[in-house]
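Below you'll find the structure, written out as structure tokens, and then a few comments.
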Amino acid sequence: MGRGRVRVDLVAVARRGRTRRRRRLLVATAAALLLVNGIAVRDLLVTNGHTRQLQHDELTVVDRKAARQRRATAETATLQATDAQLDTRTNERDRARTQVSSTAAEVSATRVDLGAVVARLALQVGQMTTLTTCMQGVSSAMNGLAVGDSTRGLGALHAVEGPCRDAATIGAGG
Amino acid sequence: MTGVLTPMAERAVADRASGIPSKPVRRGRAARVAIVAVLVAALLTGEGLLAASLRQAHAKQDRSKRALAHMEQQLRVVDAQLAAVTTKLGVVRHDLGVRTGERDNASHALAQAQEELRIVKSGVATANAKATANAGQITALSTCLGGAQQAVLRIDAGDTAGATATLRWVQRACNDALTAAGGDGPVFPFDFADPFVLRVGATYYAYSTNAGAGNIQVIRSVDLRHWELLGNALPSLPAWAGTNATWAPAVLARNGYYVLYYAAPDLAAGQRCIASAVALAPQGPYVDASPAPLVCRPDLGGAIDPSPVVDAHGNVWLLWRGEDHGGQAGAIWSAPLTPDGRALSGDPSALIAADQRWEHGVVEAPTMAASPDGGFVLLYSGADWNSSSYAIGYARCASPAGPCTKPDRGPLLATHDAVAGPGGPEFFTDTAGNVWIAYHAFAAPNVGYPASRLLRLARVAFPGGRPTLAPPPW
Chain P
4 MGRGRVRVDL VAVARRGRTR RRRRLLVATA AALLLVNGIA VRDLLVTNGH TRQLQHDELT
64 VVDRKAARQR RATAETATLQ ATDAQLDTRT NERDRARTQV SSTAAEVSAT RVDLGAVVAR
124 LALQVGQMTT LTTCMQGVSS AMNGLAVGDS TRGLGALHAV EGPCRDAATI GAGG
Chain X
874 MTGVLTPMAE RAVADRASGI PSKPVRRGRA ARVAIVAVLV AALLTGEGLL AASLRQAHAK
934 QDRSKRALAH MEQQLRVVDA QLAAVTTKLG VVRHDLGVRT GERDNASHAL AQAQEELRIV
994 KSGVATANAK ATANAGQITA LSTCLGGAQQ AVLRIDAGDT AGATATLRWV QRACNDALTA
1054 AGGDGPVFPF DFADPFVLRV GATYYAYSTN AGAGNIQVIR SVDLRHWELL GNALPSLPAW
1114 AGTNATWAPA VLARNGYYVL YYAAPDLAAG QRCIASAVAL APQGPYVDAS PAPLVCRPDL
1174 GGAIDPSPVV DAHGNVWLLW RGEDHGGQAG AIWSAPLTPD GRALSGDPSA LIAADQRWEH
1234 GVVEAPTMAA SPDGGFVLLY SGADWNSSSY AIGYARCASP AGPCTKPDRG PLLATHDAVA
1294 GPGGPEFFTD TAGNVWIAYH AFAAPNVGYP ASRLLRLARV AFPGGRPTLA PPPW
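From first to last, the protein sequence lines stand for chains P and X. First residue of the first sequence? That's 4 in my numbering, and the numbers climb one at a time after it. First residue of the second sequence? That's 874 in my numbering, and the numbers climb one at a time after it.
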């Protein structure tokens, strides 16, 4: 009974040693797993946080893009309207320039007409002066002769002989 | 002690003594080991799950990164588009500004050109109108001149009637040519000195000193502006009178006949005297069969410029100028007439003499009218009739027999503009009762005989008793 007892005890002791090692390994494994899991959770949280931030950033960019697109649309519409205005303004300018040219040409032509009429007026003034001078002489002659003053009467006629000769060449209507 | 223990307790004691745990202890340890094992298993499972979640999270993160990158790329594209549009818009706006400026400049230039065109066209229209008027005036002048030249030939041949007919024929043309000025311009184109206007109903007759149409020229009008040459109102002169100097006629309308007063040379006295002639119609022919002048004052140098005036009582007076004599300057006289106007009925009274500087020693051509504020206004001419210094002055008289005073130190109407040497005034009234004067003036620069003295008219008002003259309303 003694020898067997000792052998049993040695086996038990050995068994207990293995058991202890296994338990310690198990605990260590659990601890390691806990640690790994903790790290994994932390990574997951961080990753999710980053992802949410990225999503938020994306939404921000989407909003900015939409705003830019709206602005671009508005600017494009403004550009088109301004382009149309530019076309209109260009047409107005060209039309005004054309009118200026035609009006200037008309002014020139009218000035030519005016020059002709002014020249005609000058000629008429000369003719009227000639006729009036002759007429005054003839009237004076008539006045002198009417009171028997032949000397003054004929003198008045003689004084306007030249204008009266010119007057005779003036056709009716000047 | 051993003897009292149960077998089991003995075994436990033995196990403790040999270092072997007791059975309950082993059971507790096994339970903990199991728990740990379960925990390990759970941790392993959790780790797997976490790993999967982490992969998913990473994948999601990658997708988000890519999406963000894609969106940022799109944003850059949109930004680039926006920048391009904005740049282009800036360019187009600049161009629009430039174009608007060009358009405005062109519009301004157009407005200026159009205004210039309007002015030039207006000038052309005005010049054309003037040229048309000139053409008409040249035609009128030519016609008038032709007639006047024929009249001169007839007068030179002693054919006064033929001359008058010729002048009547061209008178309308002469009117158009010579009396178109309006204002205080002449209203009759031929010499018409010392005019007198008589209104008979709505018709006006004007008489003048002898000229182309005869001894006493007579013309007629219904509007005072357009006059028709009638001819010679005094075809023959009395035997005592010399020819070619029948001056300053005036007519007094009586009941059924008209008395013409005029000045003519008294051949016997060698002086000018006043005669009268009678007609049944205002235009004549007047007949003077008198053997002697009506007024002839050899002691006062003779008499000219007769002018009748009727006072508020119907009494008729005759005004005239007594000529210079014996170194004495002439004066204005008046004397009452018989009701028939054919003879003086009282002694003459001197009204005024030349005593103002502008008169140059001459007062003549009197005419008198009742003043609205009582008394009479006497108009007269002063200075040399044959010059531009000739002018019209006035005096106020208590009655046609005087006394008279001259309120002003200068003439009432003197040379101005083309009106040179105005004189020979005579009052008359129009159909509306307005007071006028007829007078003559040379047309500057043709001053002095034998240039024509042309008939002109002026309206008269008496503000404060002082006569003022205004041009006709046409």
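Virtual Cβ for every residue (Gly too), placed ideally from N, Cα, C. As the structure is a prediction and not an experimental result, all values here were calculated from the model.
Throw me the rounded Cβ distance for the residue i and residue j pair, which I believe falls under 8 Å.
| i | j | result |
| --- | --- | --- |
| residue 1247 of chain X | residue 1203 of chain X | Between residue 1203 of chain X and residue 1247 of chain X the Cβ distance is about 28 Å, and since that is not below 8 Å, they are no contact. |
| residue 993 of chain X | residue 113 of chain P | 5 Å |
| residue 156 of chain P | residue 148 of chain P | 4 Å |
| residue 1119 of chain X | residue 1089 of chain X | 6 Å |
| residue 1262 of chain X | residue 1233 of chain X | 7 Å |
| residue 1296 of chain X | residue 1288 of chain X | In fact, because the Cβ distance is near 10 Å, the residues do not count as touching under 8 Å. |
| residue 1064 of chain X | residue 1121 of chain X | So it is not a contact: roughly 14 Å between Cβ atoms. |
| residue 1212 of chain X | residue 1189 of chain X | 7 Å |
| residue 937 of chain X | residue 57 of chain P | 4 Å |
| residue 43 of chain P | residue 923 of chain X | 4 Å |
If you compare alpha carbons, which of the options is closest to residue i?
| i | options | result |
| --- | --- | --- |
| residue 1244 of chain X | X/1297, X/1184, X/1212 | X/1184 |
| residue 1318 of chain X | X/1039, X/1306, X/1138, X/1290 | X/1290 |
| residue 77 of chain P | X/954, X/922, X/1309, X/1270 | X/954 |
| residue 945 of chain X | P/89, P/60, P/80, P/84 | P/60 |
| residue 1242 of chain X | X/1299, X/1266, X/1233 | X/1299 |
| residue 1348 of chain X | X/1106, X/1251, X/1096, X/1047 | Only positions 874 to 1347 of chain X appear in this structure, which leaves residue 1348 of chain X out of reach. |
| residue 1327 of chain X | P/172, P/143, P/128 | P/143 |
| residue 1278 of chain X | X/1320, X/1292, X/1307, X/1229 | X/1229 |
| residue 1101 of chain X | X/1108, X/1086, X/1270 | X/1086 |
| residue 33 of chain P | X/1272, X/900, X/902, X/907 | X/907 |
| residue 996 of chain X | P/70, P/130, P/117 | P/117 |
| residue 1192 of chain X | X/972, X/917, X/1130, X/1237 | X/1237 |
| residue 1306 of chain X | X/950, X/927, X/1073 | X/1073 |
| residue 163 of chain P | X/1022, X/1040, X/1033, X/1031 | X/1022 |
| residue 1301 of chain X | X/1266, X/1240, X/1256 | X/1240 |
| residue 1013 of chain X | X/909, X/986, X/1052 | X/1052 |
| residue 1130 of chain X | X/1151, X/1111, X/1110 | X/1151 |
| residue 158 of chain P | X/1335, X/1180, X/1329, X/1323 | X/1323 |
| residue 98 of chain P | X/965, X/966, X/977, X/1076 | X/977 |
| residue 66 of chain P | X/933, X/1098, X/941 | X/941 |
Would you call residue i buried or exposed, if buried means 16 or more other Cβ atoms sit within 10 Å of its Cβ?
| i | result |
| --- | --- |
| residue 1083 of chain X | buried |
| residue 1280 of chain X | exposed |
| residue 1144 of chain X | buried |
| residue 1170 of chain X | buried |
| residue 896 of chain X | exposed |
| residue 1092 of chain X | buried |
| residue 988 of chain X | exposed |
| residue 1331 of chain X | buried |
| residue 40 of chain P | buried |
| residue 122 of chain P | exposed |
| residue 1336 of chain X | exposed |
Note down, in chain order, each residue of its chain lying with its Cβ closer than 7 Å to the Cβ of residue i, except the 5 sequence neighbours on either side.
| i | result |
| --- | --- |
| residue 170 of chain P | 133, 134, 137 |
| residue 1056 of chain X | 1344 |
| residue 4 of chain P | Any reading at residue 4 of chain P must be qualified, since the residue scores a pLDDT of 47, below 50, and its modelled position is unreliable; the value itself is stated next. Cβ neighbours of residue 4 of chain P beyond the five flanking positions: none. |
| residue 1115 of chain X | 1137, 1138, 1140 |
| residue 1282 of chain X | 1229 |
Applying a beta-carbon distance threshold of less than 8 Å, which residues of chain X neighbour residue i?
| i | result |
| --- | --- |
| residue 129 of chain P | Here the premise fails: no neighbours, minimum Cβ distance about 10 Å. |
| residue 114 of chain P | 993 |
| residue 27 of chain P | Correct list: empty, because the minimum Cβ distance to chain X is about 10 Å. |
Got a sec? Which residues, its chain only, sit under 8 Å from residue i by beta carbon, not counting five neighbours each side?
| i | result |
| --- | --- |
| residue 1042 of chain X | 1020 |
| residue 876 of chain X | Its pLDDT being 48, under 50, residue 876 of chain X is placed unreliably by the model, and the measurement read from it follows with that caveat. Contacts found: none. |
| residue 1141 of chain X | 1113 |
Using a Cβ cut-off of 7 Å, pull out every chain P residue sitting near residue i, in sequence order please.
| i | result |
| --- | --- |
| residue 966 of chain X | 85 |
| residue 923 of chain X | 40, 43, 44, 47 |
| residue 1064 of chain X | 142, 146 |
| residue 1017 of chain X | 138 |
Residues of chain X with CB closer than 7 Å to the CB of residue i, please, in chain order.
| i | result |
| --- | --- |
| residue 95 of chain P | 976 |
| residue 2 of chain P | The displayed coordinates of chain P run from 4 to 177. Any statement about residue 2 of chain P would go beyond what the structure contains. |
| residue 3 of chain P | Outside the shown range of chain P (4 to 177) lies residue 3 of chain P, about which nothing can therefore be said. |
| residue 123 of chain P | 1004 |
| residue 3 of chain P | Since the first residue shown for chain P is 4 and the last is 177, residue 3 of chain P is missing from the structure and cannot be characterised. |
Residues of chain P with a CB under 8 Å from the CB of residue i: which are they?
| i | result |
| --- | --- |
| residue 931 of chain X | 50 |
| residue 972 of chain X | 89, 92, 93, 96 |
| residue 1261 of chain X | The contacting residues do not exist; residue 1261 of chain X stays about 16 Å from chain P at best. |
| residue 952 of chain X | 71 |
Ordered along the chain, which non-local residues of its own chain (more than five positions away) have a Cβ less than 6 Å from that of residue i?
| i | result |
| --- | --- |
| residue 1222 of chain X | 1207, 1274, 1275 |
| residue 166 of chain P | 133, 136, 137 |
| residue 984 of chain X | none |
Is the beta carbon of residue i within less than 7 Å of some heavy atom of the ligand NAD?
| i | result |
| --- | --- |
| residue 1194 of chain X | Absence of the ligand NAD is noted for the structure shown, with no ligands found whatsoever. |
For a contact defined as C-beta to C-beta under 9 Å, what are the partners of residue i on chain C?
| i | result |
| --- | --- |
| residue 1109 of chain X | Here chain C cannot be found, since the structure's protein chains are P and X. |
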